[in-house]
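To start, the structure under review is shown below, and the notes come after it.
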Amino acid sequence: MADGQTNGKTPKLDKLDKGPWPSFVKEIKRAAEKNPMSKDLLGQLELSYEDKIGHWKHGGIVGVLGYGGGVIGRYSDVPEKFPNVAHFHTIRVNMPAGWFYTSDALRTLCDIWEKHGSGLTNMHGSTGDIVFLGTRTEQLEPIFSELTKEGFDLGGSGSDVRTPSACVGPARCEWACYDTLKLCYDLTMEYQDELHRPAFPYKFKFKCSGCPNDCVASVARSDMSIIGTWKDDIQVDQAAVKEYEDKGLNIQRDVCGNCPSKCMDWDGKTLEIDNRLCVRCMHCINAMPKALRPGKERGACLLLGSKAPIVEGAQLSSVLVPFMKMEPPYQELKDLCEKIWDLWCEEGKARERVGEFIQRVGLGNFLEAIEVEPSPYMIAHPRDNPYIFYEDYFEEGDEEDEDEDGDE
Amino acid sequence: MADGQTNGKTPKLDKLDKGPWPSFVKEIKRAAEKNPMSKDLLGQLELSYEDKIGHWKHGGIVGVLGYGGGVIGRYSDVPEKFPNVAHFHTIRVNMPAGWFYTSDALRTLCDIWEKHGSGLTNMHGSTGDIVFLGTRTEQLEPIFSELTKEGFDLGGSGSDVRTPSACVGPARCEWACYDTLKLCYDLTMEYQDELHRPAFPYKFKFKCSGCPNDCVASVARSDMSIIGTWKDDIQVDQAAVKEYEDKGLNIQRDVCGNCPSKCMDWDGKTLEIDNRLCVRCMHCINAMPKALRPGKERGACLLLGSKAPIVEGAQLSSVLVPFMKMEPPYQELKDLCEKIWDLWCEEGKARERVGEFIQRVGLGNFLEAIEVEPSPYMIAHPRDNPYIFYEDYFEEGDEEDEDEDGDE
Amino acid sequence: MSQTERLTDIGPPKYDKYLPPIVKKNYGTWLYHEILKPGVMVHMAESGDKLYTVRCGTPRLLSIYSIRDFCDVADKYCGGHLRFTSRHNVEFLLTDESKIEPLIADVKKLGFPVGGVGNAISSIVHTQGWVHCHSAATDASGVVKNVMDALCDKFESMELPGKLRIALACCLNMCGAVHCSDIAILGIHRRPPKTNHSILNNICEIPTVVAACPTAAIRPARIDGKESVEVDEERCMFCANCFTVCPAMTLNDPLNDGVSIWVGGKVSNARHEPMFSKLAVPYIENNPPYWPEVVETVVKIVDVWAANARKFERMGEWIERIGWPRFFEMTGIEFEKYHIDDFKYAGLSYKRSAHLRF
Amino acid sequence: MSQTERLTDIGPPKYDKYLPPIVKKNYGTWLYHEILKPGVMVHMAESGDKLYTVRCGTPRLLSIYSIRDFCDVADKYCGGHLRFTSRHNVEFLLTDESKIEPLIADVKKLGFPVGGVGNAISSIVHTQGWVHCHSAATDASGVVKNVMDALCDKFESMELPGKLRIALACCLNMCGAVHCSDIAILGIHRRPPKTNHSILNNICEIPTVVAACPTAAIRPARIDGKESVEVDEERCMFCANCFTVCPAMTLNDPLNDGVSIWVGGKVSNARHEPMFSKLAVPYIENNPPYWPEVVETVVKIVDVWAANARKFERMGEWIERIGWPRFFEMTGIEFEKYHIDDFKYAGLSYKRSAHLRF
Ligand code: SRM
Ligand code: SRM
Ligand code: SRM
Ligand code: SRM
Ligand code: SF4
Ligand code: SF4
Ligand code: SF4
Ligand code: SF4
Ligand code: SF4
Ligand code: SF4
Ligand code: SF4
Ligand code: SF4
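What follows is the structure, given as structure tokens:
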């Protein structure tokens, strides 16, 4: 296992100090100059590089008063060697929607973290939080109180609403079909209780993308994926289309030829789009942003249930509501979420994500329970097996009045 | 239930006597004029039309001496009303490959069936057999002996090799990539014992299609689907291509635009095909038979395991050997089938088709057992879940010699 | 016949016994073909020979008398040669072009339509139904007759965008390739098995019956003092596998049997890979002798496809292009809970993207 | 601070507090954008305003000192405004075009590359690894650093056919969207859990542990007189779900842990619907600090794709067009039994057609 080399020396990690890509080792070293936790982190990591194994114990439950989430407990399994990372808890700080900051705000965060933690962060975690990487249990309350004083709060962890996230949307993107930042903030505020006090069977994530490009990968990693789209026709500026051709884009081959619904045609002068067939994939718009724009009747498609593979296999979210206007106070969306949560909390098993729950009970039954009408938009295709659970049947004697009423 | 009307009268069926499409009722009536079995069949069928239910009992086991298949036992559940269909067994007569006949051969069959059965047939059953529809148990041996005397034999039923079938192939089709009739006949003769004496876990069907058009639907309904294909380049006669365009075919849109691998290009003069990308779908050849032909290096792709849904869901066959030359004595194919049968007979459950068996044990394990190397041709795509059953692992101490050897 | 003469395992006649001389001569050397008119093709051989084919529809259920009629036609025009196709049509093979029209006239006089070639509807592949099978939830021949009466003109012409293959199976065993048809008509049971407890244990093995059920709906039970089984009706999906292994478990039921309709399957590799048929209509009751609701639905689907599909586009390819919501909208078929898969691969049939057509 | 002052549930700062003035002014009225050069875009507003963005790569794991460096840059050029992206790049937002070059120079001096925009590789989404997580089968930051060192030029240029998104997760929990990435690097365990029988029953509930296993490999057992569990190793597929619920079931193992490589996933709806990543390489051992085999494999895959894909074609779209056999041939990756799915939807991944490329 560990040999003398780790005593302050980190020959393996030193090798990752150089190279064109910015180095995490440099970051840890930079913090380590002043911070003993970072110094011991460096040492323990060097040991991991030698041993080819992580040196963290299975997380324990730590947190701040009244909150059930926001902190990931972490303890070294070699605290005798690296006492300064004996505790090395992570704090998830809820980022501002769209990850916009001022230098002031960031400096405030840095100052708090300089005082109470390792000085190392993730900007950002995969869910989107500001991750403060490594502190001791007794620092949690002070950090929390300083954060809240500066207007920051913790993000989610455990079986709760997780920190919602949103693409840059209308703040800088011409394609945002709804205000992703506003919705993200609104949901975050509305569900503060659900976010901080885990009461679900498992985690529940919201992600808001302004258009089908899905720049926060919502379809792959959020239980509720809210993806902007439009209902009417793509807005076309024919002259600008021509400009793209003139500048060397092969429109017929590279734009029309890549249209998944084969609904475009370019004759060298006019781009024709059969909008009834267009699947709103964004490709043509992406290729010619100056010439094409999403339609004007905008809203979002709600998709439900994506998650990583543990344990029934990964899922992508699937369509629940093909189109919904996205305007404050977002009541329709919230009512729907709450109906889903009620059902899932009632019938879901522990550690069963909502997507897995739907698969177990069947989408048809799920819809019935949340009182949403089945729609062909929800499916890629109707069933191809004949194993239909018909729910009613006639019994002898029903014959007379021809009334449908089975035994259930 | 039955009322007076069925006594000789068939008002419901009479309604299907007319209309533009040839009528099965007319056929039954025609036979019924001379044949009491057909007459009672008509009566019983009228009763079914009234009752909206079939009037056949669950089949019993009947057959000819020494054979385990070829006859489907059938008994009326209203024999008191229709004594002439009290027995109404079906005989499956193995058709000649490709369903070619002479009038002499057909007349011979008709004569035998006139003497010993209802005079009704299916030309042909779904598997491809000549189906003699309805006779009594005591007629089976006489029919069999007259059939064999005339050079005909029974087809399969039960858990055996079923009657192999083949598309018209080289007899009339310009696209046949191997001799479907010869192979079909050869397999039928080679496996006479397996065809007549059920000894498998369940049925096993062979179907031979000469090209990917698959005119015997082999990919959907045969355990071993043998589909002709080619390895080299599509043969193109550019002048003939041009002719099609001149006659009004929109080649770029309707031929190239429908090419699933997008590997064709037509500039008004020359049709270019990137044969390395062509998936041998047949579309362009189908659209312009005079101009395009399959390549010259011909053989077949073997696909395994299709079946109807009962009970694990329907399956299409999947690629086992992407390309095999198909030349007598077809030893490679036969060796492979026999290896598969050995394994399936050993490890398959009762009523488990080979396709279901593969799904249960896993294609990887199946291949290992029949000693076929895994190949990416066998899959639509590699796994997308991370649940890999790695078979070996290092234990402490293996470290020294770095040898892979787990505990299995 | 004495015992020693008994022939077995002789197999079918070798195909080449029956091949017409022109086929023998040009076997494997065909160059290309052309469709001359509905139901009539010519195949050109390298030798320069031309083989004409006239295809005609049959009800598949044929009396020996009609077969003999076909033989007469073959004798008169084709040197006694004919063949059947994989969809139970008859094909007359000629070498003399001038005989085509007289042949057609004779065949039509016999009552058989000529067609089914090219972009047409061919005969409906089907099964036994009430004519012969113990499992049938509908009559095969009757439904087929009615549907083809309504579509016969599309057999006799070639105005469709592509081939259209219809199949019917009278129960979930699906004898035939209905699971991969442009339109499939499928007989279905909708009532859980009625168990004949008094005989079950005599004629069936209880563990086999229990094991036959894919949803584990069947449990051993003692009923009225007899060893038998009971069925948890909520779990039954009407597959009839229990009936297949045990006659005492009846699924046939006049009040509840009927047909379902499926669309968009295909078998060929042309353009799109083979596809399964998908549920269009979960249930239409049996309404003999005309099954008007079934006919109407099938005709509607065919018409909408025919009017909207692009050249070469099979039913499933067309639906894939326009999307299922549009399919339901255009055909006026109601979308129900039953359309949503809940069998083992169900999750994969959910719409897992924002590709949406409005 | 007194108890009564304790603030809770205040939520994050409202985003508009931090938006630059030009964004506030033109919020929701952007017209289009153009990419000016690698890492630099301009967004045009209806008002005529132009917003310039300079994107630069980070290691995600940032010390407060680097963050303060970024703040300095933002103060100097951007009125104190900056943002991070969903792939943890930093974006500086400018209104004055002339400041772009000086800003880039400053950022580069700090050691951060500018790029990741358009048809480029962006930063690798990744997870904790040995830096923080108890589950990690590999180190996230280390592998990422090495891979990005090798691909940095493709971050700083825009010569690729389309976007290329790489992600890394250090265990099957897959924190991040590695299951839908063009290239995914996934830490894997390959040894069944080693059970600490002496503590298991004290710290875990045995029924919970047993229930956690998706393959039912775990059974309650009495071992050396203690209530514990035993694992049927043949059934273990190394998912580590047992470890997640019980610390006494260790999956981490220096001799057997390593990474697997997956390709062809995507998230956007552009052209093709979102897709899962598929297995390319089942196992490469951990070889810190350089992980040369991992780097080599990833670079090889990127190079083959870059040289052969058509314009706009993402990895998965390209593979779909050329077919998996060709992918394995071109990358030289060996196809093994492990590539063939054997999880619950396995059958659907078999090649069920005769669409074959030779
Ligand atoms: C910190 C973070 C990774 C990172 O480096 O960015 C993370 C870290 C952990 N995740 Fe995660 N997950 C993180 C985002 C994700 C994501 C991505 C996302 O949210 O967009 C996913 C995939 C999407 C999803 O939710 O399925 C994700 C899927 C999981 C799973 C598998 C869940 C599943 O249903 O399959 C687990 C296992 C579990 O929950 O038991 C897990 C569990 C964990 C735990 C708590 C380990 C455990 O077994 O309990 C990790 C703590 C690590 C540590 O010591 O810091 N983490 N985890 C991410 C949260 C940071 C943040 O708040 O911003
Ligand atoms: C006669 C025929 C239908 C017809 O009218 O053409 C037929 C008739 C029966 N089939 Fe079939 N099958 C017939 C071709 C098929 C086909 C098509 C094919 O072979 O190309 C299939 C689908 C392909 C397949 O093999 O999966 C087929 C799939 C079944 C199944 C479901 C098997 C499965 O694995 O899912 C059953 C049920 C069973 O075997 O228990 C079945 C069972 C039956 C039984 C024996 C009924 C039973 O439950 O035991 C039927 C006897 C009916 C009767 O009374 O005459 N039949 N059966 C076909 C055979 C005629 C011939 O030899 O030419
Ligand atoms: C005679 C027959 C083979 C046999 O041995 O009996 C046959 C014969 C021919 N088929 Fe076929 N096919 C025959 C059943 C099939 C089947 C099987 C089936 O229908 O059950 C298929 C698969 C159907 C499916 O995909 O569901 C089939 C899919 C094709 C295709 C592909 C069509 C497509 O676009 O998907 C072609 C190509 C074409 O027509 O352009 C084709 C083309 C042909 C050609 C042109 C081949 C040739 O060069 O001679 C033959 C005449 C075409 C025609 O009927 O329009 N044949 N063909 C079968 C006639 C059945 C009938 O009476 O209608
Ligand atoms: C800044 C960011 C959103 C944010 O709120 O942070 C963003 C911003 C833009 N995205 Fe994105 N995307 C961002 C993450 C994503 C993601 C998510 C991810 O990578 O994890 C995706 C889905 C990726 C996938 O499919 O796996 C994504 C898929 C797209 C696409 C679709 C590309 C495709 O062909 O599949 C476009 C369209 C395009 O680039 O042509 C797009 C286009 C854009 C545009 C051009 C939108 C606009 O008009 O401003 C923005 C600059 C493009 C660029 O980077 O080339 N953005 N974009 C994210 C930058 C991440 C980074 O630092 O690299
Ligand atoms: S998801 Fe759409 S709206 Fe949001 S940033 Fe990406 S391209 Fe713009
Ligand atoms: S958005 Fe996509 S589907 Fe719609 S027209 Fe453009 S490329 Fe085609
Ligand atoms: S499968 Fe091919 S070779 Fe056979 S008849 Fe059909 S088109 Fe001809
Ligand atoms: S056979 Fe099919 S895949 Fe090949 S070139 Fe022709 S249309 Fe394209
Ligand atoms: S489909 Fe069913 S009912 Fe019809 S013949 Fe086959 S087994 Fe009998
Ligand atoms: S019909 Fe099928 S599901 Fe219903 S009880 Fe019988 S075997 Fe079970
Ligand atoms: S992927 Fe696994 S090891 Fe990595 S941070 Fe997530 S839970 Fe921990
Ligand atoms: S790692 Fe997964 S499969 Fe293996 S024993 Fe643990 S829970 Fe079961």
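Chains A, B, C and D are the protein sequences, given in the same order. All residue numbers for the first sequence refer to our numbering, where the first residue is 1 and numbers rise by one. All residue numbers for the second sequence refer to our numbering, where the first residue is 1001 and numbers rise by one. All residue numbers for the third sequence refer to our numbering, where the first residue is 2001 and numbers rise by one. All residue numbers for the fourth sequence refer to our numbering, where the first residue is 3001 and numbers rise by one. Glycine residues also receive a C-beta, built at the ideal position from the N, C-alpha and C atoms. None of these values were measured; they are calculated from a predicted model.
Subject >> ligand 4 site residues, beta-carbon cut 5 Å against heavy atoms >> reply: In chain order, the qualifying residues are CYS167(A), VAL168(A), CYS173(A), ASN213(A), CYS215(A), ALA217(A), ASN286(A), HIS3033(D), THR3085(D), SER3086(D), ARG3087(D), ASN3089(D), GLY3116(D), VAL3117(D), GLY3118(D), SER3122(D), LYS3163(D), ARG3165(D), LYS3266(D), VAL3267(D), SER3268(D), ALA3270(D).
Original post:
CB ARG1197(B) to CB GLY1054(B), shorter than 8 Å?
Top reply: Their beta carbons are not under 8 Å apart, which means ARG1197(B) does not touch GLY1054(B) by this criterion.
Subject >> C-alpha distance - VAL168(A) paired with HIS58(A), whole-angstrom precision >> reply: Spanning the two alpha carbons is a distance of roughly 36 Å.
Original post:
Can you list, in chain order, the residues of its chain whose CB lies under 6 Å from that of GLU3034(D), leaving out five sequence neighbours each side?
Top reply: So the list reads VAL3042, once near-sequence residues are dropped.
Subject >> Minimum Cβ-Cβ distance from VAL1311(B) to chain C less than 8 Å >> reply: Yes, VAL1311(B) counts as interfacial toward chain C.
**OP:** Taking 8 Å as the cut-off, decide whether the C-beta atoms of ARG162(A) and THR135(A) are in contact.
**Re:** In terms of Cβ geometry, ARG162(A) and THR135(A) do not form a close pair [threshold 8 Å].
**OP:** Could you tell me the boundaries of the alpha helix (DSSP H) in which ALA3307(D) lies?
**Re:** Its alpha helix (DSSP H) spans residues 3292-3308.
Original post:
Mapping DSSP to helix, strand and coil, what is ASN1444(B)?
Top reply: In the structure as shown, chain B begins at 1001 and stops at 1408. Residue 1444(B) is therefore absent and cannot be evaluated.
Original post:
For ALA1220(B), which residues does DSSP report across the bridge?
Top reply: Note: ALA1220(B) is not bridge-paired with any residue in the DSSP secondary-structure output.
Subject >> Under 9 Å from the C-beta of ARG1383(B): neighbouring residues of chain C >> reply: What ARG1383(B) touches in chain C: nothing, since even the nearest Cβ is about 14 Å away.
Subject >> Assumed close pair LEU1147(B), ILE1112(B) - CB separation to whole angstroms, cut-off 8 Å >> reply: Yes, LEU1147(B) and ILE1112(B) are in contact; Cβ-Cβ is about 6 Å, under 8 Å.
Original post:
When the Cα of GLU3005(D) is compared with those of PHE200(A), TYR393(A), ARG74(A), PRO142(A), which residue comes out closest?
Top reply: Measuring from the Cα of GLU3005(D), the nearest candidate turns out to be PRO142(A).
Original post:
Beta carbon of ILE3166(D), beta carbon of ILE3199(D): below 8 Å?
Top reply: No, the Cβ-Cβ distance between ILE3166(D) and ILE3199(D) is not below 8 Å.
Original post:
Should ALA314(A) be flagged as near chain B, meaning a C-beta pair shorter than 8 Å?
Top reply: For ALA314(A), a Cβ of chain B is located within less than 8 Å of the residue's own Cβ.
Original post:
Can you find a heavy atom of ligand 7 that lies under 7 Å from the Cβ of CYS1211(B)?
Top reply: Yes, Cβ of CYS1211(B) sits closer than 7 Å to a heavy atom of ligand 7.
Original post:
Between the region 182-206 of chain A and chain D, which residues of the former have CB atoms less than 9 Å from a CB of the latter, in chain order?
Top reply: Sequence-ordered contacts of the region 182-206 of chain A with chain D read LYS182, CYS184, TYR185, THR188, MET189, GLN192, ASP193, LEU195, HIS196 [C-beta pairs closer than 9 Å].
Original post:
Measuring from the CB of PRO2192(C), is there a heavy atom of ligand 10 at a distance below 7 Å?
Top reply: For ligand 10, at least one heavy atom lies less than 7 Å from the Cβ of PRO2192(C).
Original post:
Under a three-way DSSP split, which group does LYS2014(C) fall into?
Top reply: Note: LYS2014(C) maps to coil in three-state DSSP.
Original post:
Relative to ligand 7, is the shortest distance from any of its heavy atoms to the C-beta of TRP1230(B) smaller than 7 Å?
Top reply: No - ligand 7 has no heavy atom lying nearer than 7 Å to the Cβ of TRP1230(B).
Original post:
Between which two residues does the beta strand (DSSP E) carrying ARG2055(C) extend?
Top reply: Judged by DSSP secondary structure, ARG2055(C) falls within the beta strand (DSSP E) whose first and last residues are 2050-2056.
Subject >> Same chain, Cβ closer than 6 Å to PHE1366(B), five either side skipped, listed in chain order >> reply: ILE1358, listed in sequence order.
Original post:
Got a sec: is the Cβ-Cβ distance from VAL425(A) to anything in chain C below 8 Å?
Top reply: One cannot answer for residue 425(A) here, as it falls past the ends of chain A, which runs 1 to 408.
Original post:
In terms of residue numbering, what span does the alpha helix (DSSP H) encompassing GLY3316(D) cover?
Top reply: For GLY3316(D), the enclosing alpha helix (DSSP H) has its first and last residue at 3315-3322.
Original post:
According to DSSP, what are the bridge partners of TRP1230(B)?
Top reply: Note: TRP1230(B) sits in a beta bridge opposite ARG1298(B).
Subject >> Nonlocal neighbours in the same chain, by C-beta distance under 7 Å from VAL1279(B), ignoring five residues either side >> reply: Within the same chain, and ignoring the five residues on either side of VAL1279(B) in sequence, the residues whose Cβ sits closer than 7 Å to its Cβ are PRO1260, SER1261.
Subject >> Where LEU3019(D) falls: helix, strand or coil (DSSP) >> reply: In the structure shown, LEU3019(D) sits in coil (DSSP, three-state: anything other than H, G, I, E or B).
**OP:** Look at PHE2092(C) and ALA2105(C) and say whether their C-beta atoms are less than 8 Å apart.
**Re:** No, these two residues do not count as a Cβ contact at 8 Å.
**OP:** Tell me TYR75(A)'s beta-bridge partners as DSSP assigns them.
**Re:** In the DSSP secondary-structure assignment, TYR75(A) is bridged to HIS87(A).
Original post:
Should the region 304-311 of chain A be regarded as contacting the region 220-230 of chain A, the criterion being three or more beta carbon pairs within less than 8 Å?
Top reply: Taking 8 Å as the limit for Cβ pairs, the verdict is that the region 220-230 of chain A does touch the region 304-311 of chain A.
Subject >> Beta-bridge pairing of ILE2188(C) - partner residues as DSSP gives them >> reply: Note: ILE2188(C) sits in a beta bridge opposite GLY2258(C).
Subject >> ASP1265(B) in three-state terms, based on DSSP >> reply: The answer is strand: DSSP assigns ASP1265(B) an E or B state.
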